[in-house]
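In full-length UniProt numbering, the protein residues as written are 1 to 313.
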């Protein structure tokens, strides 16, 4: 685990390699510093596996918004004291993946269009671009959520303000390209959490863009008459018929929209599983504000016809 040196100094170090001056690295050099500065007293302890904020050299030492920082993941900690260094791998934003000043050879335009154009507002690309930097260039720890967008029941939630990553930028093997890219729907495109609304078909085990589907004419997805009485068990069963849906539906991003409703529906399923013959637990308490009401609205609306199995979802 890394701790800040008790004698933090403003060391004068030659700027040897910056992120802008990207070169393909084989084995990391013994040490590559990108400027050592006074480290804040309240910086958290940093350990391998942590993601960190790194202040670009051109930005003055003042409070800046998180999106201005470079971001990296610490792989190894080398040395100690004022000579302590981190072996890191860089994260790239969508904008950085398009800059020739950062990548001497850019990914193919087709890849940029199919992948980078579909990245979310706070989305980052993990990469194999390694560098060794002074530990004192790391401002603090930053949470970067790993989001697997293939299935409906992601164990991790991505809040609208969270940094998250889905795809990997490979820079060392020929022309830079992307890994871990999943194409969805009949249109075979990448899910864009800021532009797309998708529904998951449990029968086909696939996500489909709502824009590629036809709205059902059979009335509400889950019929329910206003004023109809139901037991607590019947209520939760009806709730669990809510559609599995994700993506930006206009206005502002809601807590569950990037990852989708499946995670929270699965949470309720696990809580009440096997308890319908007895007392139903309070399944609403652990859900985010407004979620139960939002699902009620979706159930009362017509579903969409799955392009593969013709089921209303």
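In this text, a Cβ means the ideal position worked out from N, Cα and C, and glycines have one as well.
Quick one: using the 10 Å Cβ neighbour count with 16 as the cut-off for buried, is residue i buried or exposed?
{"i": "residue 205", "result": "exposed"}
{"i": "residue 122", "result": "buried"}
{"i": "residue 93", "result": "buried"}
{"i": "residue 136", "result": "buried"}
{"i": "residue 195", "result": "exposed"}
{"i": "residue 188", "result": "exposed"}
{"i": "residue 264", "result": "buried"}
{"i": "residue 85", "result": "buried"}
{"i": "residue 211", "result": "exposed"}
{"i": "residue 172", "result": "exposed"}
{"i": "residue 243", "result": "buried"}
{"i": "residue 73", "result": "buried"}
{"i": "residue 193", "result": "buried"}
{"i": "residue 152", "result": "buried"}
{"i": "residue 96", "result": "buried"}
{"i": "residue 309", "result": "exposed"}
If you draw a straight line from the alpha carbon of residue i to that of residue j, how long is it in whole angstroms?
{"i": "residue 48", "j": "residue 67", "result": "22 angstroms"}
{"i": "residue 229", "j": "residue 219", "result": "20 angstroms"}
{"i": "residue 54", "j": "residue 46", "result": "13 angstroms"}
{"i": "residue 280", "j": "residue 183", "result": "39 angstroms"}
{"i": "residue 37", "j": "residue 246", "result": "Confidence at residue 37 is low in this model, with a pLDDT of 42, below 50, so the placement of that residue should be treated as unreliable; the coordinate-derived value is given next. Distance between the alpha carbons of residue 37 and residue 246 is about 43 angstroms."}
{"i": "residue 77", "j": "residue 132", "result": "9 angstroms"}
{"i": "residue 105", "j": "residue 112", "result": "12 angstroms"}
{"i": "residue 162", "j": "residue 82", "result": "32 angstroms"}
{"i": "residue 262", "j": "residue 231", "result": "24 angstroms"}
{"i": "residue 159", "j": "residue 101", "result": "31 angstroms"}
{"i": "residue 179", "j": "residue 134", "result": "29 angstroms"}
{"i": "residue 110", "j": "residue 119", "result": "15 angstroms"}
{"i": "residue 207", "j": "residue 288", "result": "23 angstroms"}
{"i": "residue 255", "j": "residue 300", "result": "21 angstroms"}
{"i": "residue 139", "j": "residue 115", "result": "30 angstroms"}
{"i": "residue 290", "j": "residue 306", "result": "27 angstroms"}
{"i": "residue 168", "j": "residue 71", "result": "14 angstroms"}
{"i": "residue 226", "j": "residue 177", "result": "53 angstroms"}
{"i": "residue 201", "j": "residue 273", "result": "21 angstroms"}
{"i": "residue 333", "j": "residue 296", "result": "Coverage of the chain is limited to positions 1 through 313, which leaves residue 333 absent and any answer about it impossible."}
{"i": "residue 58", "j": "residue 80", "result": "26 angstroms"}
{"i": "residue 224", "j": "residue 292", "result": "15 angstroms"}
Considering only their Cβ atoms, is the gap separating residue j from residue i smaller than 8 angstroms?
{"i": "residue 312", "j": "residue 216", "result": "yes"}
{"i": "residue 181", "j": "residue 190", "result": "yes"}
{"i": "residue 259", "j": "residue 142", "result": "no"}
{"i": "residue 238", "j": "residue 304", "result": "no"}
{"i": "residue 128", "j": "residue 170", "result": "yes"}
{"i": "residue 240", "j": "residue 269", "result": "yes"}
{"i": "residue 91", "j": "residue 125", "result": "yes"}
{"i": "residue 156", "j": "residue 145", "result": "yes"}
{"i": "residue 248", "j": "residue 257", "result": "yes"}
{"i": "residue 103", "j": "residue 130", "result": "no"}
{"i": "residue 222", "j": "residue 283", "result": "no"}
{"i": "residue 89", "j": "residue 99", "result": "no"}
So, under 8 angstroms CB-CB, residue i and residue j are touching, yes? Tell me the CB distance rounded to an integer number of Å.
{"i": "residue 209", "j": "residue 185", "result": "5 angstroms"}
{"i": "residue 175", "j": "residue 108", "result": "7 angstroms"}
{"i": "residue 286", "j": "residue 267", "result": "7 angstroms"}
So for residue i, helix, strand or coil by DSSP?
{"i": "residue 291", "result": "helix"}
{"i": "residue 123", "result": "strand"}
{"i": "residue 192", "result": "coil"}
{"i": "residue 303", "result": "strand"}
{"i": "residue 220", "result": "strand"}
{"i": "residue 81", "result": "helix"}
{"i": "residue 280", "result": "coil"}
{"i": "residue 135", "result": "helix"}
{"i": "residue 165", "result": "strand"}
{"i": "residue 211", "result": "helix"}
{"i": "residue 76", "result": "strand"}
{"i": "residue 145", "result": "strand"}
{"i": "residue 270", "result": "helix"}
{"i": "residue 49", "result": "coil"}
{"i": "residue 99", "result": "coil"}
{"i": "residue 117", "result": "helix"}
{"i": "residue 86", "result": "strand"}
{"i": "residue 200", "result": "strand"}
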